[in-house]
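Let me begin by presenting the structure, written as structure tokens, before commenting on it.
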Amino acid sequence: MAQFDMNDDSVVVIIGTGAGGGVLANELAQKGVKVVALEAGARHLPDDYINDEWDSFGQLAWTDARTTSGDWRVAKDFSGLPTWIVKAVGGATTHWAGASLRFQDHEWKAKTTYGDLEGANLLDWPIDPREMDDYYTRAENKMGVTNTGGRPPLPGNNNYKVFEAGAKKLGYKDVHTGNMAINATEYDGRTACQQTGFCFQGCKFGAKWSTAYTDIPQGEATGNLEVRENSHAARILHNDEGKVTGVEYFDADGNLQTQMARIVSVAANSIESPRLLLNSASEMFPDGLANSSGQVGRNYMRHMTASVYALFDQPVKMWRGTTMAGIITDEAKHDPERGFVGGYEMETLALGIPFMAAFLNPGAWGREFTTALDGYENMAGMWIVGEDMPQADNRVTLNADVTDQFGLPAPNVHFSDHPNDVAMREHAYKQGIAVYEAVGATRVMPTPPYPSTHNLGTNRMSENAADGVVNKWGQSHDIANLFVSDGSQFTTGGAENPTLTIVALAIRQAEHIAAEMNAGNI
Amino acid sequence: MTKQDTAILTRRQLLARAGSATAIVAMGSGFIAAPDASWAMSVTNITEHQMATLLQMARDIYPHDKIGDEYYAIAVKGYDSEDAAGMVAAGVALLDEKAQAAGHTDYVSAKWEENRVAILREIEDEAFFQAVRGGLVTGLYNQKAVWPIFGYEGESYSKGGYIDRGFNDITWL
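Protein sequences, first through last, are from chains L and Y. Residues -3 to 518 in my numbering are what the first sequence lists, from first letter to last. Residues 379 to 551 in my numbering are what the second sequence lists, from first letter to last.
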């Protein structure tokens, strides 16, 4: 395995090893580019993953000090836990459910399609949807996405069967077991899904794609990638010419180290990435790196989310099998007749009893709550994910009063729903409830958003440098050798789970970086 | 436990009498026991009345008629600590004060769940209530022994998942 010198300034340093950073690291390594990937967490692999919700949370979740504000309910119920993401090699690809959906064409052009909405900071992506077709295909092939590239669909579990029956009775046309980066048959040396029901806890069979056991070891095998785990980036350094030169990070022993670099890529998720840029402020860049637009940390999006759980008079046993086992896409379209712009997906979801107790209706108590849990065996559930509006004041800032374990200012995550988000959620609750009532639900429960899993937009991509942080390649407008490679570069969020798009963008970005390096431009 | 400790008191009697010195003595110093002696717990840092109140609170906050007291006892036993004693004493005193204002001897003496819930509603924004409620979310529901009561089957990896064990066995649709 490669080991690079701290003073080797020919390497690309990538901060984060999830869907963005992990893929970029492998793609660059495959092209012969030397890469040091800094990962704040430890390396956990399928043998280590735990089929237990809270134990797994303790093993994998990012629980560093964070604060929250704004009128979202997460700020009240989970004030120190704005997100539910992962600190480990592989990042949130260990935890994700596997849904791998392409953006719809119009979603690349949200401002043009939706027009001006008061309070929304909409912008078109500086990317034509046709530019992405091939990268999407390559991402799907890399990840083994079902129902694409000739790969078969996954079988539907009990939770899906209830969902599908309700959808069809309601007249929905496009309901299926999804485009999932979960093997329906053996693929890429990994086994088929065994329906354990613990997708969120890391797939112990390795049937679900995660960079932890695909791209990362593939990149390491080239001899061009060194992954340093337990290495928490603290600051990106730059020279007098305003080019980045390296990264300061705390190693596993808490000692501050400096890795020199030719190029730095930030892929630490939409909370940590802007935080790192802001924490890297200097005399030359007093507002943080790559922040001449003032957009670093702004336009934080988390998708319009909600869940609907329903009780029936007979057993469902929704926890058996794939956590996200199917999708209804009929409402994903843009149809302003519904009273909002953009659309949403309905996707089955199941939680075990420990998490159901925590998330069904946080803070609730008494028999209304407990009788719902008493019906757990007869419960079906879905998650709803839709496009939320970017808003300038929904943002990640540094909290001067709270520091993390390294003494670095903690991020504050401020979020309030846009009226469009509220209108979409109300519509989605109504439709989700209708799906279950169509098959005889005896009780329905509109469940509020969980801590965020889809964190987007805080270093957004823009045509003009004044409107965003990075250009169409994820390259910062201000600093040519500084890149952003995670969901924070999303200009807008679309209705779809973001991982496939993050991976497709990372494949595309790797080509650009390698070409620019070869041309001597960076 | 001695034979005396297992003296047959119903749980309601136990809880109702927990505040009286005679009842405590009869139970053995620092003991709270199930009427059928299926479980027992001792307290050292807080009083039996305080523990009995916590236990009743736990049942009233998250009432599951199929879940026995022993699981609630496990969920609240951590409050019998030096660190928690002050909070528990103040919290139980507040609860009893509200109960008395509503015409009950104390909280555990209020006989209907509805009456006790009304008392709890008065203090639900207090840190004491929120600490007890929040602690129960994991203290009660993360006990593996209660999962089967809900039908939840827990880990499945060691059994090969559900691919051959009914992931799609629904029949009633």
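Think of the CB as a built atom: it goes at the ideal place given N, C-alpha and C, for glycine as much as any other residue.
Here's the rule: buried if 16 or more other CB atoms are within 10 angstroms of the residue's CB, otherwise exposed. What is residue i?
i	result
S206(L)	buried
T495(L)	buried
W469(L)	buried
R391(L)	buried
T181(L)	exposed
F402(L)	exposed
W68(L)	buried
E160(L)	buried
M176(L)	buried
K537(Y)	exposed
G94(L)	buried
R499(Y)	exposed
Q(-1)(L)	exposed
W58(L)	buried
S6(L)	exposed
P407(L)	buried
P445(L)	buried
Would you list the residues sitting across from residue i in a DSSP beta bridge?
i	result
T495(L)	None; T495(L) has no bridge partner.
D479(L)	The amino acid at residue 479(L) is misidentified as Asp; the sequence shows Phe. F479(L) is bridged to S261(L), Q471(L).
N235(L)	Answer by DSSP bridge pairing: none, since N235(L) is not bridged.
V520(L)	Summary: the structure shown does not reach residue 520(L), with chain L confined to residues -3 through 518, and so no result is reported for it.
L307(L)	M375(L), R439(L)
T64(L)	V409(L)
F246(L)	H228(L), L252(L)
E341(L)	V381(L)
K204(L)	I178(L)
A57(L)	V82(L)
T393(L)	N408(L)
Answer with yes or no whether the minimum CB distance from residue i to chain Y is below 8 Å.
i	result
V440(L)	no
N47(L)	yes
L233(L)	no
V312(L)	yes
K105(L)	no
W315(L)	yes
G193(L)	yes
N179(L)	no
Q(-1)(L)	no
N143(L)	no
N154(L)	yes
Q190(L)	yes
So with CB distances below 8 Å, who are the chain L contacts of residue i?
i	result
L551(Y)	K157, V158, A161, V435
F528(Y)	I349, L369, D370, Y372, E373
I439(Y)	W361, G362
Can you pull the chain L residues whose beta carbon is under 7 Å from the beta carbon of residue i, in chain order?
i	result
R511(Y)	W361
E533(Y)	N47, D48
Y519(Y)	I349, P350, A353
Using a C-beta to C-beta distance shorter than 9 Å, which residues of chain L count as neighbours of residue i?
i	result
T516(Y)	W50, P350, A353, A354
E423(Y)	Before going on, a small fix: residue 423(Y) reads as Asn here, not Glu. Here the premise fails: no neighbours, minimum Cβ distance about 26 Å.
Against chain L, does residue i count as a neighbour if the rule is that its beta carbon must be under 8 Å from one of theirs?
i	result
D547(Y)	yes
W525(Y)	yes
H442(Y)	yes
G539(Y)	yes
N493(Y)	no
Y449(Y)	no
I452(Y)	no
I402(Y)	Because I402(Y) carries a pLDDT of 26, less than 50, the predicted location of this residue cannot be relied on, and no value is offered for it.
How would you list, in chain order, the residues of chain Y whose beta-carbon sits under 7 Å from the beta-carbon of residue i?
i	result
P151(L)	N546
R147(L)	None at all; the shortest Cβ gap to chain Y is about 18 Å.
K200(L)	Y535
T366(L)	Y440, P441, H442
Interface residues of chain Y around residue i at Cβ under 8 Å?
i	result
Q55(L)	Near Q55(L) there are no residues of chain Y at all, since even the closest Cβ is about 14 Å away, more than 8 Å.
For residue i, go through chain Y and note every residue whose CB falls closer than 9 Å to its CB, in chain order.
i	result
Q542(L)	Chain L is shown only over -3 to 518; residue 542(L) falls outside these bounds and no answer can be derived.
For the pair the segment 290 to 299 of chain L and the segment 517 to 527 of chain Y, tell me if three or more CB-CB distances fall below 8 Å.
no
Take every Cβ of the segment 477 to 491 of chain L, pair it with every Cβ of the segment 243 to 262 of chain L, and state whether three or more of those distances are shorter than 8 Å.
yes
Count Cβ pairs between the segment 72 to 81 of chain L and the segment 418 to 432 of chain L that sit closer than 8 Å; are there 3 or more?
The answer is no - the segment 418 to 432 of chain L does not touch the segment 72 to 81 of chain L, with fewer than three Cβ pairs under 8 Å.
Should the segment 46 to 62 of chain L be regarded as contacting the segment 277 to 294 of chain L, the criterion being three or more beta carbon pairs within less than 8 Å?
no
Are at least three pairs of beta-carbons, each pair with one atom in the segment 155 to 170 of chain L and one in the segment 312 to 330 of chain L, less than 8 Å apart?
yes
The segment 17 to 25 of chain L / the segment 41 to 48 of chain L touching (three or more Cβ pairs under 8 Å)
No, the segment 17 to 25 of chain L does not touch the segment 41 to 48 of chain L.
Give me the subset of the segment 207 to 232 of chain L whose CB atoms are less than 9 Å from a CB atom of chain B, sorted by chain position.
Among the protein chains of the structure shown, namely L and Y, there is no chain B.
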